[in-house]
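A.B. asks: Once you've had a glance at the structure underneath, I'll fire off some questions.
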Amino acid sequence: MRDEKAAQFNQPLVTPEVVASHGLTPEEYRKIVKLLGREPNHTELGVFSVMWSEHCSYKSSRHYLKRLPTEGPHVLQGPGENAGVVDIGDGLAVAFKMESHNHPSFIEPYQGAATGVGGILRDVFTMGARPIASLNSLRFGSIDHPRTRYLLSGVVAGIGGYGNCIGVPTVGGEVYFDECYDANILVNAFTLGIAKKKRIFTGVARGVGNPVIYVGSKTGRDGIHGATMASESFSEEKEQRRPTVQVGDPFTEKLLLEACLELMETDCIIGIQDMGAAGLTSSSSEMAGRGGTGVELDLSRVPLREQSMTPYEILLSESQERMLLVAKQGTEDEVKRIFDKWDLDAVVIGRVTDDRQFRAFFDGVEVACIPISALTKEAPVYQRPVERPKLQDQLEQLDLSNIAEPTDLGSTVKLLLGSPNIASKEWVYRQYDHFVRSNTVVAPGADAAVIRLKGTEKGLALTVDGNSRYCYLDPYVGGALAVAEAARNLSCVGARPLGLTDCLNFGSPENPEVMWQFSQVIEGMRDACIALKVPVVSGNVSFYNETDGVPIYPTPTVGMVGLVAEVAKVVTPWFKAAGDVVVLLGRTREELGGSEYLKIVHGLVKGTPPWIDLRLEQAVQSCCVAAIEKGILRSAHDISDGGIAIALAECCISGPEKPLGVRIDMREMIRGDALLFSESQSRIVVSVAEENLEQLREVAAEHHVPMQVIGAVGGTSFVIQPLLRLPVDELRATWSAGLTSRIK
Amino acid sequence: MRWGVIVFPGSCDDQDVFDTLKRDMGQKVKFLWHKDDLVGHFDCLVLPGGFSYGDYLRCGAVARFSPIMRGVVEFARQGGLVLGICNGFQILCESGLLPGALVRNAGLQFVCQQVLLRVEETDTPFTCEAKKGQLLKAPVKHGEGCYYADSATLERLRKNHQILLRYVDAKGRASPSANPNGSLDNIAGVCNETRNVFGLMPHPEDACNKLLGSEDGRKIFSSIAVTCAQREHRHA
Numbered sequence: 002m003r004d005e006k007a008a009q010f011n012q013p014l015v016t017p018e019v020v021a022s023h024g025l026t027p028e029e030y031r032k033i034v035k036l037l038g039r040e041p042n043h044t045e046l047g048v049f050s051v052m053w054s055e056h057c058s059y060k061s062s063r064h065y066l067k068r069l070p071t072e073g074p075h076v077l078q079g080p081g082e083n084a085g086v087v088d089i090g091d092g093l094a095v096a097f098k099m100e101s102h103n104h105p106s107f108i109e110p111y112q113g114a115a116t117g118v119g120g121i122l123r124d125v126f127t128m129g130a131r132p133i134a135s136l137n138s139l140r141f142g143s144i145d146h147p148r149t150r151y152l153l154s155g156v157v158a159g160i161g162g163y164g165n166c167i168g169v170p171t172v173g174g175e176v177y178f179d180e181c182y183d184a185n186i187l188v189n190a191f192t193l194g195i196a197k198k199k200r201i202f203t204g205v206a207r208g209v210g211n212p213v214i215y216v217g218s219k220t221g222r223d224g225i226h227g228a229t230m231a232s233e234s235f236s237e238e239k240e241q242r243r244p245t246v247q248v249g250d251p252f253t254e255k256l257l258l259e260a261c262l263e264l265m266e267t268d269c270i271i272g273i274q275d276m277g278a279a280g281l282t283s284s285s286s287e288m289a290g291r292g293g294t295g296v297e298l299d300l301s302r303v304p305l306r307e308q309s310m311t312p313y314e315i316l317l318s319e320s321q322e323r324m325l326l327v328a329k330q331g332t333e334d335e336v337k338r339i340f341d342k343w344d345l346d347a348v349v350i351g352r353v354t355d356d357r358q359f360r361a362f363f364d365g366v367e368v369a370c371i372p373i374s375a376l377t378k379e380a381p382v383y384q385r386p387v388e389r390p391k392l393q394d395q396l397e398q399l400d401l402s403n404i405a406e407p408t409d410l411g412s413t414v415k416l417l418l419g420s421p422n423i424a425s426k427e428w429v430y431r432q433y434d435h436f437v438r439s440n441t442v443v444a445p446g447a448d449a450a451v452i453r454l455k456g457t458e459k460g461l462a463l464t465v466d467g468n469s470r471y472c473y474l475d476p477y478v479g480g481a482l483a484v485a486e487a488a489r490n491l492s493c494v495g496a497r498p499l500g501l502t503d504c505l506n507f508g509s510p511e512n513p514e515v516m517w518q519f520s521q522v523i524e525g526m527r528d529a530c531i532a533l534k535v536p537v538v539s540g541n542v543s544f545y546n547e548t549d550g551v552p553i554y555p556t557p558t559v560g561m562v563g564l565v566a567e568v569a570k571v572v573t574p575w576f577k578a579a580g581d582v583v584v585l586l587g588r589t590r591e592e593l594g595g596s597e598y599l600k601i602v603h604g605l606v607k608g609t610p611p612w613i614d615l616r617l618e619q620a621v622q623s624c625c626v627a628a629i630e631k632g633i634l635r636s637a638h639d640i641s642d643g644g645i646a647i648a649l650a651e652c653c654i655s656g657p658e659k660p661l662g663v664r665i666d667m668r669e670m671i672r673g674d675a676l677l678f679s680e681s682q683s684r685i686v687v688s689v690a691e692e693n694l695e696q697l698r699e700v701a702a703e704h705h706v707p708m709q710v711i712g713a714v715g716g717t718s719f720v721i722q723p724l725l726r727l728p729v730d731e732l733r734a735t736w737s738a739g740l741t742s743r744i745k
Numbered sequence: 128m129r130w131g132v133i134v135f136p137g138s139c140d141d142q143d144v145f146d147t148l149k150r151d152m153g154q155k156v157k158f159l160w161h162k163d164d165l166v167g168h169f170d171c172l173v174l175p176g177g178f179s180y181g182d183y184l185r186c187g188a189v190a191r192f193s194p195i196m197r198g199v200v201e202f203a204r205q206g207g208l209v210l211g212i213c214n215g216f217q218i219l220c221e222s223g224l225l226p227g228a229l230v231r232n233a234g235l236q237f238v239c240q241q242v243l244l245r246v247e248e249t250d251t252p253f254t255c256e257a258k259k260g261q262l263l264k265a266p267v268k269h270g271e272g273c274y275y276a277d278s279a280t281l282e283r284l285r286k287n288h289q290i291l292l293r294y295v296d297a298k299g300r301a302s303p304s305a306n307p308n309g310s311l312d313n314i315a316g317v318c319n320e321t322r323n324v325f326g327l328m329p330h331p332e333d334a335c336n337k338l339l340g341s342e343d344g345r346k347i348f349s350s351i352a353v354t355c356a357q358r359e360h361r362h363a
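This is the structure in structure tokens:
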């Protein structure tokens, strides 16, 4: 009878076709049989397929990820937990992480992006940290692609819809457009939370007999095999996968957040974990894996919102707004009382065991029994073949002598300012609440966002960065530049980096050329992290970002967090007062390879990206922070996409007040378009009151940073002698309308 | 004086109002849970911003049925001061404590930005510390903040001087471009006829500290504090 029942629950039979449809290879299946000592039933096969999916197991990336430095004096929790945690002093810590939600957002932009935000929020508050700021990094196809407008407005509305409703400010981010994302957009969401250093929670199951408690929303059939979907490439028919995208409910998440944080004030919790990708299966087995224990679940007790769900469906559902926790025996009533207050379910669905097995029961019979280690430690790890792309040499070729300099550099500046990657992103960020929690000192639109830490003099700076064109042309340099630019953005507001999180978005790991890009990007990031002393504390890998065999550009996005010693001293990028002196920290070289200028004006994606001297980079950043801490600077702005001409124009027009003019006179022995649009690294443009210029010279000398006075703020024109002269009002109009005029 | 900040499920700015009153304004303040009855003595009740009950239905339409709202209505009837900010304003309109309604922004999108507000009336407990015509800077952040009322109601509001704040440009003009959400007559905040209940879409609690870009929101809270101090003095 029991066997009959079990057989019925575990339909259909496992055949090679069924194995293949679960995304498992024949070799992987043989390994499963060996680990179990028998054939798996259908439910167990489902469990293996999600736990061994690329998304959950990191099987292709793990070998390389080990190369990233993860330790530092401030690190309290490195990678491997739901989020990384760093010490910020005063008994406080911050937890942060970034995660991708690319495929769901392409299939269903609003819900895909919304649930991406929901997931990353849970990753942070499960650590005991109250989320206080979010960022996002978005990549869409060409602005003229017929689907881009729909995807852009859906994703932005979804991020706003979820983040605004739950009351966590979205304080910054980046938005890029490129043809390589036409059929595979990227949505990377970052959240940071704050906690007491001594009250950090982790996802661990310990103490035999302790109850496993399910809290939050009820379980439905949504999102089954979401993790598996995220581990496959796209093709036309995959767009039919809409039902695998979950639907977000930010209100329930808000209740869950408040209930969990209230519970964390008590002494009830042993461990807690978000039910994200692979839902109940991954949360329970990972918690047991970390605790060196086993877990026993009675699936009949899981709160369901749909009828006649099978054990397979219950285990693999990715319904949102659910958490799993292990509580101390005897505290069940207290847990229930708190969740009752917030009108949420809290049900004991199992217990911690000592047999190191993952066991699931349904209607009294065992439907799955798998050694925990088979799902976690024994998951396959691949060292995939690596090959430098055949086209790489050709890509790097760039002969500037064949490229004509524009005759009218003024129009070129306007063309760039109005192009979608450089134009104002206000249309995007005004849809996000960036004020809630009353901490936002520097709102979106600056190099980095800054929030204050109530009750202290300190602040936190946050940024996300990454230039995928650089990574395409030279993944090693591109990886290093992503880290360097993020750190430079922090230094422009006066912050010193504490740590970073990353989303590594790539094509298929089964393509050796993609794996070469991946390994090179990691090496570049590693070298920059070591040189700039920024540990990697959390992150996420998203492979299979390709459609019909064409991968996206390798796109590592770096989320970085820095500490501001005195938040009252932060500076913003825009000029403040006529008469101030404009100074360039760093040097401009003739580096147009991979630049926005080359792409927009000449339609070329070629050459090698700008070189970076990491020692100089470190010096320029320290110099900028030191000058801000001394209170010398009026403004500071990183020079990046579009070069110094665009950076200076932004200094004139991006402030909240009326635009200010500038008169620039700078000399380098390079061609005019390179002088204006070269994206040479390690450069910051700053402005100072004239009486502070000498002091700035001293700081620059101390840090061995080349510094050049290049002009003065004032007037109503943007003047670069002898190359161009434009009215600032006109520049602002072009920049402000650049994005909206293309999408309306 | 004593402030009460009501916490609905889905309130987001409750902590912000609490911290601002306590840290920036040095006031005595207490959270009140929506499931409880209103007990104890309070001088001013604040209904904060957020998305009460997720606002999946019309904003504020569910929150008005929270148990504590019976006490709030009674408190207002007896002359107690009630301030509704953003979602709080929506709840007050849904409860019938304030006239009119807040509907979807004219641009259909959520709007988050700093705005300028012109103080239209100063003979109220909420604006008495400001000068008539004074401009205040504070942020708005809402999807449904477009103020609407039928023409008879609008006429009555004007006649009774119940429109306390309007969206204006830097020159103080209530122009269409200064209106972030399409509100009728650029209305940002209104009070009831007896002038003890006030609702506004902008967030004064996010404008009480120089670090956040404005201290103008203090005018609203200090007006209330001064009014309550005078009331206490009169009773004494």
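Read top to bottom, the protein sequences are chains A and B. If you read the first sequence in the numbering used here, its first letter stands for residue 2, the second for the next number, and so on. If you read the second sequence in the numbering used here, its first letter stands for residue 128, the second for the next number, and so on. From the three backbone atoms N, C-alpha and C, an ideal C-beta is built for every residue, glycine too.
Would you tell me roughly how many angstroms separate the C-alpha atoms of GLN358/A and ILE315/A, rounded to the nearest one?
C.D. replies: Position 357 of the first sequence holds residue 358/A. Position 314 of the first sequence holds residue 315/A. Rounded to whole angstroms, GLN358/A to ILE315/A spans 18 Å at the Cα level.
A.B. asks: List in chain order: all unbroken alpha helix (DSSP H) runs of 4+ residues lying wholly within the region 174-225 of chain B.
C.D. replies: Runs found: 195-204 and 214-221.
A.B. asks: Distance check for GLY119/A and ASP434/A, CA to CA, integer angstroms please.
C.D. replies: Position 433 of the first sequence, counted from the start, is the residue given in the question as residue 434/A. Position 118 of the first sequence, counted from the start, is the residue given in the question as residue 119/A. Answer to the nearest angstrom: the Cα atoms are 15 Å apart.
A.B. asks: In the DSSP output, which residue or residues are listed as bridge partners for GLY351/A?
C.D. replies: Here residue 351/A corresponds to residue number 350 of the first sequence, with the count starting at 1. In the DSSP output, where bridge partners are listed per residue, GLY351/A has VAL213/A and LEU298/A.
A.B. asks: From PHE507/A to VAL414/A, what does the alpha carbon distance come to, in whole angstroms?
C.D. replies: Indexing the first sequence from 1 puts residue 507/A at position 506. Indexing the first sequence from 1 puts residue 414/A at position 413. PHE507/A and VAL414/A: Cα-Cα distance of roughly 32 Å.
A.B. asks: Output the distance between the C-alpha atoms of SER737/A and LYS745/A, rounded to the nearest integer angstrom.
C.D. replies: Mapped onto the first sequence, residue 737/A falls at position 736. Mapped onto the first sequence, residue 745/A falls at position 744. Roughly 14 Å between the two C-alpha positions.
A.B. asks: Would you list, in chain order, the members of the region 223-238 of chain B that have their beta-carbon closer than 8 Å to a beta-carbon of chain A?
C.D. replies: Cβ contacts with chain A come from GLN236, PHE237 and VAL238.
A.B. asks: Among the residues of its own chain, which have a CB less than 7 Å from the CB of SER492/A, if the five just before and after it don't count?
C.D. replies: For this step, residue 492/A is matched to residue 491 along the first sequence. Around SER492/A: GLN622, CYS625 and VAL626.
A.B. asks: Quick one: using the 10 Å Cβ neighbour count with 16 as the cut-off for buried, is TYR151/A buried or exposed?
C.D. replies: Translated into positions along the first sequence, residue 151/A becomes position 150. It counts as exposed.
A.B. asks: Answer yes or no: the CB of LYS198/A versus the heavy atoms of the ligand SAM, is any distance below 8 Å?
C.D. replies: In the structure on display, the ligand SAM does not appear, and there are no ligands present to speak of.
A.B. asks: If I measure Cβ to Cβ from MET2/A and keep anything under 6 Å in the same chain, skipping five residues before and after, which residues do I get?
C.D. replies: Taking the first sequence and counting its residues from 1, the one referred to as residue 2/A is at position 1. A caution first: MET2/A carries a pLDDT of 48, below 50, which makes its placement in the model too unreliable to give a value.
A.B. asks: For chain B, check one thing: does any of its Cβ atoms lie closer than 9 Å to the Cβ of SER123/A?
C.D. replies: The count along the first sequence starts at 1 and reaches residue 123/A at position 122. It is worth fixing the name first, because residue 123/A is Arg in this sequence and not Ser. Not one chain B Cβ lies under 9 Å of ARG123/A.
A.B. asks: Taking the alpha helix (DSSP H) that MET526/A falls in, what are its first and last residues?
C.D. replies: Here residue 526/A corresponds to residue number 525 of the first sequence, with the count starting at 1. Per DSSP, MET526/A belongs to the alpha helix (DSSP H) from 513-533.
A.B. asks: Compare the beta carbon distance of THR192/A and PHE97/A with 9 Å and say whether it is the shorter of the two.
C.D. replies: One-based indexing of the first sequence puts residue 192/A at position 191. One-based indexing of the first sequence puts residue 97/A at position 96. A contact, by the Cβ cut-off of 9 Å.
A.B. asks: Beta strand (DSSP E) containing MET324/A: first to last residue?
C.D. replies: Residue mapping note: residue 324/A aligns to position 323 of the first sequence, counting from 1. First-last of the beta strand (DSSP E) with MET324/A: 323-328.
A.B. asks: Kindly give me the distance between the Cβ atoms of VAL465/A and GLU175/A, rounded to whole angstroms, as I take these residues to be in contact under 8 Å.
C.D. replies: Here residue 465/A corresponds to residue number 464 of the first sequence, with the count starting at 1. Here residue 175/A corresponds to residue number 174 of the first sequence, with the count starting at 1. Contact holds; Cβ gap of about 6 Å.
A.B. asks: On the DSSP letters alone, give me the boundaries of the beta strand (DSSP E) that TYR275/B sits inside.
C.D. replies: Position 148 of the second sequence holds residue 275/B. Per DSSP, TYR275/B belongs to the beta strand (DSSP E) from 273-275.
A.B. asks: When DSSP labels each residue in this structure, what does THR26/A get in the three-state scheme?
C.D. replies: Within the first sequence, the letter at position 25 stands for residue 26/A. Coil, per DSSP.
A.B. asks: Do GLU567/A and GLU703/A have their CB atoms nearer than 9 Å?
C.D. replies: The sequence position of residue 567/A within the first sequence is 566, counting from 1. The sequence position of residue 703/A within the first sequence is 702, counting from 1. Result no, Cβ atoms of GLU567/A and GLU703/A do not sit closer than 9 Å.
A.B. asks: Output needed for THR267/A: all residues of its chain with C-beta closer than 8 Å, excluding positions within five of it in sequence on either side, in chain order.
C.D. replies: Taking the first sequence and counting its residues from 1, one reaches residue 267/A at position 266. The answer, listed in chain order, is THR332, GLU335 and ILE339.
A.B. asks: Classify THR556/A as helix, strand or coil using the three-state DSSP reduction.
C.D. replies: Taking the first residue of the first sequence as 1, we reach residue 556/A at position 555. In this structure, THR556/A counts as strand in the three-state DSSP scheme.
A.B. asks: In chain B, which residues lie less than 7 Å from GLY92/A when you measure between Cβ atoms?
C.D. replies: As a first step, residue 92/A must be located in the first sequence, where it is residue number 91. Within 7 Å Cβ-Cβ: nothing; GLY92/A doesn't reach chain B, min ~19 Å.
A.B. asks: Among the residues of its own chain, which have a CB less than 8 Å from the CB of ILE133/A, if the five just before and after it don't count?
C.D. replies: On the first sequence, position 132 is the one that residue 133/A refers to. Contacts found: VAL169, PRO170, LEU193, GLY194, ILE195, ARG438, ASN440 and ILE452.
A.B. asks: Identify every residue that forms a DSSP beta bridge with HIS330/B.
C.D. replies: As a working mapping, residue 330/B is identified with position 203 in the second sequence. The partner list for HIS330/B (beta bridge, DSSP) is empty, contrary to what the question assumes.
A.B. asks: Kindly say whether PRO266/B, judged by its beta-carbon, lies nearer than 9 Å to any beta-carbon of chain A.
C.D. replies: Locating residue 266/B in the second sequence gives position 139, counting from the first residue. It does; some Cβ of chain A falls within 9 Å.
A.B. asks: Measuring CB atoms only, is the region 512-529 of chain A touching the region 569-589 of chain A, in the sense that at least three cross pairs come out at less than 8 Å?
C.D. replies: At 8 Å Cβ cutoff, the stretches do not touch.
A.B. asks: Could you check whether the Cβ of CYS255/B sits closer than 9 Å to any Cβ belonging to chain A?
C.D. replies: Residue mapping note: residue 255/B aligns to position 128 of the second sequence, counting from 1. Chain A, which has no Cβ nearer than 9 Å to the Cβ of CYS255/B, makes this no.
A.B. asks: Can you find a C-beta in chain A that's less than 9 Å from the C-beta of VAL316/B?
C.D. replies: Locating residue 316/B in the second sequence gives position 189, where the first residue counts as 1. In the sequence under discussion, the amino acid at residue 316/B is Gly, which differs from the Val named in the question. It does not: the Cβ of GLY316/B has no partner Cβ on chain A nearer than 9 Å.
A.B. asks: Spell out the partners DSSP gives TYR294/B in its beta bridges.
C.D. replies: Within the second sequence, residue 294/B is the residue found at index 167, counting from 1. TYR294/B pairs with LEU244/B.
A.B. asks: Whole angstroms are fine: how far does the CA of SER138/A sit from the CA of CYS504/A?
C.D. replies: Residue mapping note: residue 504/A aligns to position 503 of the first sequence, counting from 1. Residue mapping note: residue 138/A aligns to position 137 of the first sequence, counting from 1. Using only the alpha carbons, I get a separation of about 9 Å.
A.B. asks: One question on the structure: do ARG197/B and ASP170/B come within less than 9 Å of each other, judged by their Cβ atoms?
C.D. replies: By 1-based counting over the second sequence, the position of residue 197/B is 70. By 1-based counting over the second sequence, the position of residue 170/B is 43. Cβ atoms of ARG197/B and ASP170/B: not closer than 9 Å.
A.B. asks: Under three-state DSSP, which class holds MET276/A?
C.D. replies: In the first sequence, the residue the question calls residue 276/A occupies position 275. Residue state, collapsed to three classes: coil.
A.B. asks: When you compare each of GLU630/A, PRO657/A, SER688/A and ARG668/A to HIS638/A by their alpha carbons, which one comes out closest?
C.D. replies: As a first step, residue 638/A is located in the first sequence; it is residue number 637 there, counting from the start. Comparing Cα-Cα distances from HIS638/A to each of GLU630/A, PRO657/A, SER688/A and ARG668/A, the minimum goes to SER688/A.
A.B. asks: Short of 8 Å in beta carbon distance, which residues of its chain neighbour ALA369/A, apart from the five on each side in sequence? Order them along the chain.
C.D. replies: Position 368 of the first sequence, counted from the first residue, corresponds to residue 369/A. Within the same chain, ALA369/A has close Cβ partners ASN42, THR44, GLU45, VAL48, PRO312, LEU316, PHE359, ARG360 and ALA361.
A.B. asks: Got a sec: which bits of the region 171-192 of chain B sit with their beta carbon under 8 Å from any beta carbon on chain A, in order along the chain?
C.D. replies: Residues GLY176, GLY177, PHE178, TYR180, GLY181, ASP182 and TYR183.
A.B. asks: Would you say TYR275/B faces chain A, with C-beta separation under 9 Å as the test?
C.D. replies: The sequence position of residue 275/B within the second sequence is 148, counting from 1. Answer no: the Cβ-Cβ gap between TYR275/B and chain A never drops below 9 Å.
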